[in-house]
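As you go down the protein sequences, you meet chains F and Z in turn.
Under our numbering, think of the first position of the first sequence as 1461, with each following residue one higher.
Under our numbering, think of the first position of the second sequence as 90, with each following residue one higher.
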Amino acid sequence: GNSVTQMEGPVTLSEEAFLTINCTYTATGYPSLFWYVQYPGEGLQLLLKATKADDKGSNKGFEATYRKETTSFHLEKGSVQVSDSAVYFCALRPNFGNEKLTFGTGTRLTIIP
Amino acid sequence: DSGVTQTPKHLITATGQRVTLRCSPRSGDLSVYWYQQSLDQGLQFLIQYYNGEERAKGNILERFSAQQFPDLHSELNLSSLELGDSALYFCASSVGGAGGRNEQFFGPGTRLTVL
């Protein structure tokens, strides 16, 4: 079946540091890939997505590139802010059949001033 | 604000009891999804409804059931509750439709605590 493996947390960085959160997936075919963010006490928000190989999703300074050859979708940001502190989830959705999202375990990110 | 509403925000109950969680999708969305977020299982898909009909089923226990009503709101019923059912339950909605692969918008969740 489909699965997502995500970098274990928690991750603590200083403000303006470079961020990478690793995500790899296992799926049949070519799924769509997503990063969701969950701020404290809130629901999930879509951060960015990519629907096919070599696509780059980007939003709010975050980027992730769909790498089919390495089955990866790593999240990066060049300079993090305190307001980026949240839990980040990598997810995939098949492009055929059911539409359910399969999530990774989540990575808690804390940015210290 | 995603436009998806869930009630109640918090629910505390005892083992063996039954509860109902409610979800109102975004205006115009026909698909509703339920997910469970627990410490040991992570975020898991439970079930999807599209325009009143069950469309897909995930890791949903037999003690759990759901339905989507003609006004498109959905309810998740959890019965014979156990301590391990304590979790955050999310509802998401999307436009849906044949062949549609639309973004899912998540509600704020209902936190269920079983004592």
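In this text, a Cβ means the ideal position worked out from N, Cα and C, and glycines have one as well.
Values in this document were obtained by computation on a predicted structure and should not be read as measured data.
Subject >> Contact list for Glu1502(F) against chain Z, beta-carbon separation under 7 Å >> reply: At a C-beta separation below 7 Å, Glu1502(F) has these neighbours in chain Z: Pro197.
Exercise for review: Step through the CB atoms of chain Z and report whether any lies within less than 8 Å of the CB of Thr1565(F).
Suggested key: Yes - at least one Cβ of chain Z is within 8 Å of the one on Thr1565(F).
Exercise for review: Could you check what DSSP says for Val1542(F) in three-state terms: helix, strand or coil?
Suggested key: DSSP places Val1542(F) in the helix class (H, G or I) of the three-state scheme.
Margin query: Counting only C-beta atoms, is Val132(Z) closer than 8 Å to chain F at any point?
Written below: Reading off the sequence, residue 132(Z) comes out as Leu, not Val. Yes, because at least one Cβ of chain F sits closer than 8 Å to the Cβ of Leu132(Z).
Item to complete: Please compile the residues from chain Z whose C-beta is within a distance smaller than 9 Å of the C-beta of Glu1468(F).
Response: Correct list: empty, because the minimum Cβ distance to chain Z is about 12 Å.
Practice item. With a 10 Å radius around its C-beta and 16 neighbouring C-beta atoms as the bar for buried, classify Pro197(Z) as buried or exposed. Key: Counting other Cβ atoms within 10 Å of its Cβ, Pro197(Z) reaches 16 or more and is therefore classed as buried.
query = Does any C-beta atom of chain F lie closer than 8 Å to the C-beta of Glu164(Z)?
reply = Not closer than 8 Å to any Cβ of chain F, the Cβ of Glu164(Z) fails to qualify, so no.
- Message: Looking at Glu1536(F): is its Cβ nearer than 8 Å to the Cβ of Ala1546(F)?
- Response: Here Glu1536(F) is not near Ala1546(F), since their CB atoms are 8 Å or more apart.
8 Å Cβ cutoff, Asn1482(F) in contact with chain Z: Among the CB atoms of chain Z, none fall inside 8 Å of the CB of Asn1482(F).
8 Å is my cut-off, CB to CB: does Phe179(Z) come that close to chain F?
Yes, Phe179(Z) counts as interfacial toward chain F.
Just the chain Z side, please: which residues come within less than 9 Å of Leu1561(F) by C-beta, in chain order? Among the residues of chain Z, those whose CB is under 9 Å from the CB of Leu1561(F) are Tyr122, Tyr124, Leu132, Phe134, Ala181 and Gln193, following chain order.
- [ ] Might you give, ordered along the chain, the residues of its own chain that have their beta carbon closer than 7 Å to the beta carbon of Thr1562(F), omitting 5 neighbours on each side?
- [x] In its chain, beyond the 5 residues on either side, Asn1462, Ser1463, Val1464, Ala1551 and Leu1552 have a beta carbon closer than 7 Å to the beta carbon of Thr1562(F).
Between Phe1549(F) and chain Z, is any beta-carbon pair separated by less than 8 Å? Interface residue, yes.
Any idea what DSSP makes of Leu170(Z), helix, strand or coil?
When secondary structure is reduced to three states using DSSP, Leu170(Z) falls in the coil class, being assigned neither helix nor strand.
**Asked** What's the gap between the Cα of Phe158(Z) and the Cα of Glu142(Z)?
**Response** Their backbone Cα atoms lie some 9 Å apart in a straight line.
Leu1506(F): contacting residues in chain Z (beta-carbon distance under 7 Å): Going along chain Z in sequence order, the residues near Leu1506(F) (Cβ under 7 Å) are Glu192.
At which residues does the beta strand (DSSP E) containing Thr1480(F) begin and terminate? Element bounds for Thr1480(F): Leu1479 to Ile1481.
Where Ala1487(F) and Asn191(Z) are concerned, what is the direct C-alpha to C-alpha distance, given to the nearest angstrom? Roughly 19 Å between the two C-alpha positions.
TODO: Verify whether the separation of the beta carbon atoms of Leu135(Z) and Gln125(Z) is less than 8 Å.
DONE: Yes, they are a contact pair.
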